[in-house]
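If you want my numbering, it's the position in the sequence shown, counting the first as 1, plus 116. Where a beta carbon is used, it is the ideal one built from N, C-alpha and C, also for glycine. The model shown is predicted, which means the values in this text are computed figures rather than measured ones. A short write-up of the structure that comes next.
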Amino acid sequence: MAAAGTISARTPSSGRDAGWLVSADLLAVGLAFLGQILLTHALLAEHYGWMVLAIDLYASIFLVIDLGLPTLLARDGSHAPHMVRPAVGRIYRWQFMVSMPFIALAFFIQPQSLIDLTAASTLLFIAACIALVHVAAYAPRSGLRAIGEARFEALSKLLERLLTVLGYAVLYIGGSTNVEAYALVFLLGATVGTGSSLLFLGRITRTMNGTDAWSELDPVWSNSRTLLWTALPFAITLGVLPYVIRIEKFIVAGTAGAQAAAVFHVAQLAWLAGLVVPSAMRAALLPVLGANRHHPYLRRNDMDTSLSMCFGLLPIGLFGGALIVKFLAPVAFPDEYLDGTHGASAVTLFNILLFGWACTLLATPTYTALMAGNRPWKFTQFILIVVLCAVLLGWLLIGILPESDMGRLHAASIASSLSAFFLLVTSWSMSDHFSSIWRRRDEWALAGLGTCFVVLGLVSQTGWWVLGLPLFTFLPQGWRAARSTLS
């Protein structure tokens, strides 16, 4: 509940906020997709691979600087909206102190050598700056979401993407093939996105008033040591979480080179676009489950509603994604990414990745329940187990078994999907909601079988996908669940 005197009575709503975030993220990903099309046409495949790998590498290294504090703010901010802005300042002070040793460590250990990345030092420096600016965006955006203003978080993301793509277009029209110039544009867009989220948060919260007591957020905020200890599980999680979706790309780069990694990245583009849906739903559901974590009945209802929305989105994502990639990829990307020049077709790889997308989507309620629970270390254990599984699968399926680049790329997609399936099953087990899963076992059976038939038909180019059409029977319940959360 907002304190008296606030300018906004908005509170977090999983449906409304997810609607804003999903819509904005899909638009942002559409813009990013256009940006990637420009990059693949403007840059050599090797240079494009350098840019992708450099940005992903430093994003993975520096994400731990987040410290897990924005996650706590998203969970607790709705309890005292007037304390959100000072909480963001407090988070920044801690993040600045922690960033110094990590920056020095990255300078000395030269992490690019681990994946045989031979890019110029200028590109690596810009990629590191992009990662740091993105980390700085998490606190104000979490604050906006916590006070029920996910719409402004969404706007800041759109501004970032729009400026970046416009910059890419200007360079492309001007005939630039300089990879560092495109990376600088990316850095400019990220800086504007972070700055706008800070501006929005400041304007919305400047007239909010209430008791200046950290305990109003949650008792853990009253003491810095307790706060950091509470956030530590999320910090560790964030330190390893990026590898869940990037480990296969890094292994491909190390075993087959930057060009093969570039093909895998193109295959991941549409897959990552689809992942913004479960990501936005988790972001919107976290404050809701956080507010109800001491009320089991309300918490269970929120999770059931979220799962119904996930079931409803499943056929749209599977069939819609396949159609978009089938018809758009040949028009959008150079032939070398689609005809097997560098080992495999990005379209085939995407079709395999669809199974992993489905598993990630359906894991949204139980995954978020672990994040919002009273035992944050349990969530850390969950992520560590999933990352260990992803590393083992990647090492075995990509690094050891295949003897060709085509085999490594196909194995990377399979390993990614199997890791997502393991994430789903493990979240069932560790979230203590298996009784809810069993109660809806018929729906789960339909979702599992339908997804398998769709993916099998797409990969084999046969009619098996027709047996996935019953998935569309989930649409009515998904629509009802979405409408019930709009407020």
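The alpha helix (DSSP H) with residue i in it runs from where to where?
i	result
A462	462–478
E519	Neither: E519 is in no alpha helix (DSSP H) and is coded neither H nor E.
P186	185–192
D548	From DSSP, D548 is part of no alpha helix (DSSP H); its letter is neither H nor E.
S338	Here S338 belongs to no alpha helix (DSSP H), and DSSP marks it neither H nor E.
H163	161–178
G233	Looking at the sequence shown, residue 233 is not Gly but Leu. Looking at the DSSP string, L233 is not in any alpha helix (DSSP H), and its letter there is neither H nor E.
R319	295–321
W595	591–600
With DSSP run on the structure shown, which of helix, strand or coil describes residue i?
i	result
G290	coil
R209	helix
R556	coil
W511	helix
P431	helix
D455	coil
T238	helix
P227	helix
Q497	helix
R491	coil
T122	Here the model assigns T122 a pLDDT of 40, short of 50, so the residue's position is not dependable, and the following value carries that caveat. Three-state DSSP puts T122 in coil, outside helix and strand.
H526	helix
I263	coil
G390	helix
G373	coil
P586	helix
Q152	helix
A196	coil
H411	coil
Q577	coil
F268	helix
A158	helix
L333	coil
Inspect the beta-carbon positions of residue i and residue j and report whether they are closer than 7 Å.
i	j	result
L434	L470	yes
L286	A255	For clarity, residue 286 is Val in the given sequence; the question names Leu instead. No.
A597	M487	no
M296	T238	The displayed chain sequence assigns Glu, not Met, to residue 296. Result yes, Cβ atoms of E296 and T238 sit closer than 7 Å.
I514	I367	yes
S331	S340	no
F371	R524	According to the sequence shown, residue 371 is Thr rather than Phe. Yes, Cβ-Cβ distance for T371 and R524 is below 7 Å.
F178	A243	no
G184	G259	no
G437	G390	yes
T321	A158	no
P394	T480	yes
L405	T484	yes
T152	I181	Residue identity differs from the one stated: residue 152 is Gln in this sequence, not Thr. No, they are not a contact pair.
G428	G584	no
A148	R277	yes
M216	L333	no
D141	A396	yes
L478	L562	no
A144	K273	yes
V288	L160	The residue asked about is misnamed: residue 288 is Tyr in this sequence, not Val. No, the Cβ-Cβ distance between Y288 and L160 is not below 7 Å.
L84	A531	There is simply no residue 84 to check, as the chain begins at 117 and stops at 603 in what is shown.
I263	P349	no
R279	G305	It is worth fixing the name first, because residue 279 is Leu in this sequence and not Arg. Yes. Within cutoff.
L169	A369	yes
P431	L587	yes
C505	F538	yes
F268	F316	yes
A347	L188	yes
Consider the C-beta atom of residue i and the heavy atoms of the ligand SAM; say whether any pair is separated by less than 6 Å.
i	result
G564	Here there are no bound small molecules, and the ligand SAM is not part of this structure.
For this session: Examine the Cβ distances between the stretch 506–518 and the stretch 438–448 and report whether three or more of them are shorter than 8 Å.
Result: No, they do not touch.
Exercise. Pairing CB atoms from the stretch 484–500 with CB atoms from the stretch 552–571, are three or more of them under 8 Å?
Worked result: No, they do not touch.
Exercise. Are the stretch 538–549 and the stretch 397–404 touching, with three or more C-beta to C-beta distances below 8 Å?
Worked result: Not touching, per the Cβ criterion.
Exercise. Between the stretch 264–284 and the stretch 223–230, are three or more C-beta pairs nearer than 8 Å?
Worked result: Because the criterion of three Cβ pairs below 8 Å is not met, the stretch 264–284 and the stretch 223–230 do not touch.
Problem set entry | the stretch 375–389 in contact with the stretch 155–169 per 3-pair CB rule at 8 Å | Output reads yes: the stretch 155–169 touches the stretch 375–389.
Exercise. Are the stretch 306–325 and the stretch 253–272 touching by the rule of at least three beta carbon pairs closer than 8 Å?
Worked result: Flag = yes, the stretch 306–325 and the stretch 253–272 touch.
For this session: Give a yes or no on contact between the stretch 464–478 and the stretch 568–577, applying the rule of three or more CB pairs nearer than 8 Å.
Result: Because the criterion of three Cβ pairs below 8 Å is met, the stretch 464–478 and the stretch 568–577 touch.
Exercise. Is the stretch 519–536 touching the stretch 455–463 in the sense that three or more CB pairs, one from each, lie closer than 8 Å?
Worked result: Contact between the stretch 455–463 and the stretch 519–536 is established, with three or more Cβ pairs separated by less than 8 Å.
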